[in-house]
Structure formats: C-alpha cells, structure tokens
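Enquirer: In the UniProt record's numbering, the protein residues as written are 1 to 360.
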Amino acid sequence: MTPTYDKIHNRFKFNGLHFDHEDLKEVAYSLIKEGEPYEKHTGNFLIDWLNDDDFLMVNTSGSTGQPKAIKLKKQAMVNSALATGNFFGLEPGHTAMDCLPSHYIAGKMMLVRAMILGLEMDCVEPSTHPIFDYEKVYDFCAMIPLQLKHTINYVHNIKTIIIGGAKVTKPLKERISQCQSKVYETYGMTETITHVAVRQLKSKAGKGDTYFNALPNNTFRQDDRKCLVIKASNLGDEEVVTNDVVDLKSETSFQLLGRFDNVINSGGVKLFPEQIEDKFQPIIDERFIVASEYDEGLGEKLILIVENPRDSIDSIRNRIKYLKGLTRYEVPKTIYAVDKFVETVNGKIHRNKTIKAAIG
C-alpha cells in the first residue's frame, strides 16, 4: 500500500525523538516561536505539510529566469520520496542528516523523505560549512557542492551523499575520488520535485558514471532542440520540457551537454559554455563564467568573466594559452573582471544579470 502525505511513518525521528502527526505540529509551533532563523523555516514548512491542503506553494530558484511560485501536490512529493528511497535502498530506521535550508525544495524534500520513509533525521544549521557529529554513522545526506567542499574531510561516516543545486567542479571531483562515501550528482529542479536522475561520481566506493540514470518511474526524450523532456509518471500527467541540451543514451539515461539558452554560435561553430568551463576549472580558482557578446564578424564572440581575480587578466590569458585540450574556438576573445557576481536569493549565480553587468 502506497504511503500518503497525511501519515507520518512510525519509525520517523526528528533530532532523536519520535513524533506522530499531532505531536509534530506542536514541535513546528515551538520552532516558529523559539527556534533559530533556520528552525523557523523548518517549522513553517512542517505547518504547511501537516495542514489539510493537498498541495504546497514552492518558489523556484530563479537562476535561469525570474523566481516564481508553483503549486506542488503533496502526494507527488511523497512519490518522489519513495523513488529516492527505492533507488538508494533507504529503509525505516536508517539515519539521515539534513543540512539544507527548508525554505527551498531540496530541504523540504529531506524532511518529506524522513517522514514518509521512516528515517531518523538530524537537522543542523544549513551553512556553507555545516557542523554535525562527525563520528555518527549516517546512511544518507544531501548537500550542495560548496558544503561538501568544506566538509569532505569529515564525511567518512556518511554512507551515501547526494549533491546538487550547483555545478560540481573538477577540483571537487578529484577530492571526491579519494572519499570513502558513495557520492551522487543529481539532476532535477523545483518543477520535478528535486532530482529525477543521478549519476555516481568516482570515489573509493564506486567507479563513477558518465550518464545520469533515471530514478524509478521517470523516462526521458528529446525535443527538436535536442533538449531533455521529462516524463515522471508519479509526479503528474504533464511532461516537463527543459532547456538542457543532452546526449540521450536511452529513455532512462542521458549525458548533460549544456543549456540551450547558453549555446554560443561563433562564426558558425556551436560552443557550449559549460563544457569550456569544465576545461578552465583547473587553472582558475575564482568563480567564473564563459559567455558571449556581439561581434560584427563572428556574430558572437567568446568571452570569459572572472569574479574578483587575484591574478591579472594577462596572467589568466597566458594560462589559457597553454591549456591542453582547448580548441582555438574555445579561447576567449575578451576577458572581463568584475568585483562581484549577481546572485539569486539562494546564492546561485544569476548568469544573465552577471553577463550584462560585465559587458555593460
């Protein structure tokens, strides 16, 4: 029998204590009244989850456009939690650690998974350097890449870590390769109720995958732009059409190439900024963006924007000049330095606004 959103699993624990539906409401009110700011967000979410509505209003991140509020069915969120549980083998009584803010979908879903799957959940402050019990064994945890970067020396007791919300850089992947945990990069968005596909990254616990693989009950196809179209039967009737260009291996696996709206046509050559950014990762320590601006001869010319670089533009240009594996089309024609990237409310780079601010 499929669990429903109005029931709390009898094995669920929140910070070490059992709570049923009514008790959890009291906890939520207490968090709102007396908790730290991050705990107030958790309390607000729990109140919304435990009310009589069959839906939640959730805000998108706004990293590729204006943030917007969308309606998600609570039962669809339950189905998403079950798919995650099935894929990763999560069972009642397994331990989990939540270090994500619960006013965004990723943090909300950590709590839903715990309540539905019967996990024993410890919640810690969702900082970029989360502090948790490094000696306690956890079966499952979700982080953003920056959190894993700061805590990777302390995650040896976390069996499975999923990471999403931002790009996993090459330097971080190299550190993950020496990690004892199973680490998975996720693919998804608010509209798909977090991840619909994952790929294991190379670590001492696994060899790593090139392709993202679908969670249960999800299938994929491409539209005429070669962009990914998601059919998640447990999440709703309508397909989700993305702007992510992919190499589709099968209806359940794909390789991510880049954003359709980021593709650069420079003198008839199509360039994916995300792929070029991967090549630049080892030689640029700061945050940066590969983009384009108008050029009379090429139509679009490749540019590089670096946030508050420690080195001179000439030094960066010289390192790029000697970078192996870079084609002549992938060498930036202009390099810009900006003091600070424009960010969304949850700390992601707002690509379009940053580019406009750089080129003026």
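No residue lacks a Cβ here, since even glycine has one placed at the ideal position from N, Cα and C.
Just so you know, these numbers come straight off a predicted model, no measurement behind them.
1) Determine the DSSP secondary structure at S30, reduced to helix, strand or coil.
2) Please go through the stretch 274-360 and give each complete alpha helix (DSSP H) segment of 4 or more residues, from N-terminal end onward.
3) In its own chain, which residues sit with a C-beta less than 8 Å from the C-beta of I131, not counting the 5 before and 5 after it?
4) Suppose contacts are defined by Cβ-Cβ distances below 8 Å. Is Q255 in contact with D244 by that definition?
5) Taking only three categories from DSSP, how would you classify R221?
6) Helix, strand or coil: which one does DSSP assign to S80?
7) Alpha carbon to alpha carbon, how far is G35 from S233? Give it in angstroms, no decimals.
8) Buried or exposed for P282, please, with buried defined as at least 16 other CB atoms from any protein chain shown within 10 angstroms of its CB.
9) Determine the contact status of S127 and M109, defining contact as a CB-CB distance below 8 Å.
10) How close, in whole Å, do the beta carbons of I162 and T186 come, if the pair is a contact with beta carbons under 8 Å?
11) Look up A114 in the DSSP assignment and say whether it is helix, strand or coil.
12) In or out: I70 buried (at least 16 other Cβ within 10 Å) or exposed?
13) For T4, collect the residues of the same chain with a Cβ closer than 7 Å to its Cβ; drop the 5 residues on either side in sequence, then sort them by chain order.
14) Using three-state DSSP, classify D23 as helix, strand or coil.
15) Can you say whether H350 is buried or exposed, counting buried as having 16 or more other CB atoms within 10 angstroms of its CB?
16) How big is the Cα-Cα spacing for Q180 and F140?
17) For T42, I'd like the list of residues in its chain whose CB is within less than 6 Å of its CB, leaving aside the five on either flank, ordered along the chain.
18) Report the rounded CA-to-CA distance for D53 versus G188, giving the unit in angstroms.
19) Quick check: is the beta carbon of I70 nearer than 8 Å to any beta carbon in chain C?
20) Which residue wins for smallest C-alpha separation from P332, given the options P309, L304 and S253?
21) Taking the beta strand (DSSP E) that Q147 falls in, what are its first and last residues?
22) Pick helix, strand or coil for R199, following the three-state DSSP scheme.
23) Over what stretch of residues does the beta strand (DSSP E) that includes R259 continue unbroken?
24) In whole angstroms, what is the alpha-carbon distance linking R113 and C99?
25) In terms of DSSP beta bridges, what is T160 paired with?
26) What residues are listed by DSSP as bridge partners for G188?
27) Please name the residue, chosen from R175, Y294, Y184 and V306, that lies closest to N213 on a Cα-to-Cα basis.
28) Look up K74 in the DSSP assignment and say whether it is helix, strand or coil.
29) Measure from the alpha carbon of E22 to the alpha carbon of each residue in G93, N51 and D133, then state which is nearest.
30) Tell me the rounded alpha-carbon separation between E293 and L271.
31) Is A106 helix, strand or coil when you go by DSSP?
32) Determine the direct distance from the alpha carbon of K301 to that of T84, and round the result to whole angstroms.
33) Short of 6 Å in beta carbon distance, which residues of its chain neighbour M97, apart from the five on each side in sequence? Order them along the chain.
34) Reducing DSSP to helix, strand and coil, say where A90 ends up.
35) Classify V241 as buried or exposed, calling it buried when 16 or more other Cβ atoms lie within 10 Å of its own Cβ.
36) How far does the alpha helix (DSSP H) with I47 in it extend, from its first residue to its last?
Expert: This is what the structure gives:
1) helix
2) 313-321 and 351-359
3) V124 and E125
4) no
5) strand
6) helix
7) 38 Å
8) exposed
9) no
10) 5 Å
11) helix
12) exposed
13) Q75 and V78
14) helix
15) buried
16) 13 Å
17) L31 and S102
18) 25 Å
19) Absent from the structure: chain C. Only one protein chain is present.
20) L304
21) Looking at the DSSP string, Q147 is not in any beta strand (DSSP E); the run it does join, the alpha helix (DSSP H), is P145 to T151.
22) strand
23) S253 to R259
24) 14 Å
25) F140 and K182
26) H195
27) Y184
28) helix
29) N51
30) 13 Å
31) helix
32) 42 Å
33) D122, F132, Y138 and C141
34) Looking at the sequence itself, residue 90 is Leu, so the reference to Ala does not match. In this structure, L90 counts as coil in the three-state DSSP scheme.
35) exposed
36) P37 to L50
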